[in-house]
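>
Residue numbers (the working numbering), protein chains in the order written: chain A, 1 to 131; chain B, 1 to 155.
1. If you measure beta-carbon to beta-carbon, which residues of the segment 134-150 of chain B are closer than 7 Å to chain A?
2. Would you call the segment 142-153 of chain B in contact with the segment 95-108 of chain A, where contact means no fewer than 3 C-beta pairs closer than 8 Å?
3. Is the beta carbon of residue 79 (chain A) closer than 8 Å to that of residue 37 (chain A)?
4. Per DSSP, which residues does residue 130 (chain B) bridge with? Please list them.
5. Give me whichever residues DSSP pairs with residue 83 (chain A) in a beta bridge.
6. For residue 86 (chain A), would you say it is in contact with chain B, using Cβ-to-Cβ distances shorter than 8 Å as the test?
7. Can you list, in chain order, the residues of its chain with a C-beta nearer than 6 Å to that of residue 114 (chain A)? Leave out the 5 residues immediately preceding and following it.
8. Straight-line CA distance for residue 40 (chain B) to residue 50 (chain B)?
9. Between residue 13 (chain B) and the rest of its own chain, which residues show a CB-CB distance below 7 Å, the 5 nearest in sequence each way excluded?
10. From residue 58 (chain A) to residue 24 (chain A), what distance separates their C-alpha atoms?
11. What span of residues does the beta strand (DSSP E) with residue 44 (chain A) cover, start to end?
12. Can you check whether the C-beta of residue 6 (chain A) is within less than 8 Å of a C-beta belonging to chain B?
13. Going by beta carbon distance, what residues of the same chain come within less than 8 Å of residue 56 (chain B), once the five residues before and after it are set aside?
14. In whole angstroms, what is the alpha-carbon distance linking residue 128 (chain A) and residue 85 (chain B)?
15. For the segment 109-124 of chain B and the segment 87-95 of chain B, state whether three or more C-beta atom pairs, one from each stretch, are separated by less than 8 Å.
16. Does any residue of chain B have a CB that is nearer than 8 Å to the CB of residue 24 (chain A)?
17. For residue 12 (chain A), does the three-state DSSP call read helix, strand or coil?
18. Please confirm if residue 35 (chain A) has its CB atom under 8 Å from at least one CB of chain B.
19. Closest to residue 94 (chain B) by CA distance: which of B:78, B:107 and B:104 is it?
20. Between which residues of its own chain and residue 96 (chain B) is the CB-CB distance below 7 Å, once the five residues before and five after are set aside?
21. Which residues in chain B sit within 9 Å of residue 56 (chain A), going by Cβ to Cβ distance?
22. If contact means a Cβ-Cβ distance below 9 Å, which residues of the segment 111-123 of chain A contact chain B?
23. If distances are taken between C-alpha atoms only, which option among B:72, B:9 and B:30 comes closest to residue 44 (chain B)?
24. Does residue 57 (chain B) come within less than 8 Å of chain A when only Cβ atoms are used?
25. By the 10 Å Cβ neighbour count, where 16 or more other Cβ atoms means buried, how is residue 128 (chain B) classified, buried or exposed?
26. Counting only the same chain and skipping the five closest in sequence on each side, list residues whose C-beta sits under 7 Å from that of residue 195 (chain B).
The following block contains the structure:
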């Protein structure tokens, strides 16, 4: 089981997804390859993770970093996550198999389960507020 | 938001679909009603999870991130459906993704798309398993509900 800190950020940008990804990698050297960026129109969502033993970046700090990449952040969610290999097993009773559901929603054989939000904030009138 | 209201909305939309079928409305209008019923069923399931988890931070973030994302609502609904059927994880991911994008395509082109009888029946089949899905979610405990929501908020 591995532990990470995952950052999920919503915002706006006029930049290309590939350019943001490359710039992000060069600014944050402790990221692994698990970087997801989706863009629709100018709306963008970024998701990346650092090892668990690295200091958690604060909202203002993340905002400043992203503005260098041409991303205007509007919402930031930081969570502790654990990854593990999904093991197939069948449940006999009619209870919902939560492990299987989480594996399916988190998109793969290696499951990433969130242990909870450690920081979440939103930009309101130019300042970051914890929510 | 109120879970019962979402549930009622979903059931009303399904009732409208059934009425519409009797009135021989076009398949695209019927598909719109069914897909809206599924969307509200998914909202209802999320509300149930939120009421079990009782975490205000998660609630605010779910409300802000998920409520405008139809595709995530469909993926959640379909994933729950397939998990109950005990499909393997790869199949669930593949099917949920394929079908939710098919449904999004129907909704995005509702005024100029011909929805076939097969497609309509397929959507209906998923909706009619709603009660079983509801029962499974009602049995979840607080920790399990929070775990699912924590995954959802990062989608």
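We treat Cβ as the ideally placed atom computed from N, Cα and C, and that holds for glycine. Note that the structure is predicted; figures quoted are calculated from it, not measured.
To lay it out plainly:
1. 136, 137, 139, 140, 144, 147, 148 and 150
2. yes
3. Here the question's residue 37 (chain A) lines up with position 37 in the first chain. Here the question's residue 79 (chain A) lines up with position 79 in the first chain. Contact flag unset, no.
4. Numbered from 1 along the second chain, position 130 holds the residue referred to as residue 130 (chain B). DSSP lists no partner for residue 130 (chain B).
5. Here residue 83 (chain A) corresponds to residue number 83 of the first chain, with the count starting at 1. Answer is A:2 and A:112, bridged to residue 83 (chain A).
6. Looking up residue 86 (chain A) in the first chain gives position 86. Yes, because at least one Cβ of chain B sits closer than 8 Å to the Cβ of residue 86 (chain A).
7. Numbered from 1 along the first chain, position 114 holds the residue referred to as residue 114 (chain A). Excluding residues within five positions, the ones whose Cβ falls inside 6 Å are 79 and 81.
8. Residue 40 (chain B) sits at position 40 when you count from the first residue of the second chain. Residue 50 (chain B) sits at position 50 when you count from the first residue of the second chain. The alpha-carbon atoms of residue 40 (chain B) and residue 50 (chain B) are separated by roughly 15 Å.
9. As a working note, residue 13 (chain B) is residue 13 in the second chain. For residue 13 (chain B), where only same-chain residues beyond five positions count, the Cβ hits under 7 Å are 33, 36, 37 and 40.
10. As a first step, residue 58 (chain A) must be located in the first chain, where it is residue number 58. As a first step, residue 24 (chain A) must be located in the first chain, where it is residue number 24. Residue 58 (chain A) and residue 24 (chain A) have their C-alpha atoms spaced approximately 16 Å apart.
11. Residue 44 (chain A) sits at position 44 when you count from the first residue of the first chain. Note, residue 44 (chain A): beta strand (DSSP E), 43-51.
12. Here residue 6 (chain A) refers to the residue found at position 6 when the first chain is read from its first residue. Residue 6 (chain A) counts as touching chain B.
13. As a first step, residue 56 (chain B) is located in the second chain; it is residue number 56 there, counting from the start. Around residue 56 (chain B): no qualifying Cβ.
14. Taking the first chain and counting its residues from 1, the one referred to as residue 128 (chain A) is at position 128. Taking the second chain and counting its residues from 1, the one referred to as residue 85 (chain B) is at position 85. Answer to the nearest angstrom: the Cα atoms are 44 Å apart.
15. no
16. On the first chain, position 24 is the one that residue 24 (chain A) refers to. Answer no: the Cβ-Cβ gap between residue 24 (chain A) and chain B never drops below 8 Å.
17. The residue given as residue 12 (chain A) occupies position 12 in the first chain. Three-state result, residue 12 (chain A): strand.
18. Walking along the first chain from the start, residue 35 (chain A) turns up at place 35. The beta carbon of residue 35 (chain A) sits no closer than 8 Å to any beta carbon of chain B.
19. Within the second chain, numbered from 1, the residue matching residue 94 (chain B) stands at position 94. Closest by alpha carbon: B:78.
20. Working through the second chain from its first residue, we reach residue 96 (chain B) at position 96. Contacts found: 75, 78, 79 and 82.
21. Taking the first chain and counting its residues from 1, one reaches residue 56 (chain A) at position 56. In chain order: nothing, as chain B lies at least about 15 Å away.
22. Listed by position, the residues of the segment 111-123 of chain A near chain B (Cβ gap below 9 Å) are 111, 112, 113, 114, 115, 116, 117, 120 and 122.
23. Locating residue 44 (chain B) in the second chain gives position 44, counting from the first residue. Comparing Cα-Cα distances from residue 44 (chain B) to each of B:72, B:9 and B:30, the minimum goes to B:9.
24. Numbered from 1 along the second chain, position 57 holds the residue referred to as residue 57 (chain B). Between residue 57 (chain B) and chain A, the shortest Cβ-Cβ separation is below 8 Å.
25. For the purposes of this step, residue 128 (chain B) is identified with residue 128 of the second chain, where counting begins at 1. It is exposed - the Cβ of residue 128 (chain B) has fewer than 16 other Cβ atoms within 10 Å.
26. The shown model of chain B, from 1 to 155, leaves out residue 195 (chain B), and the question about it has no answer.
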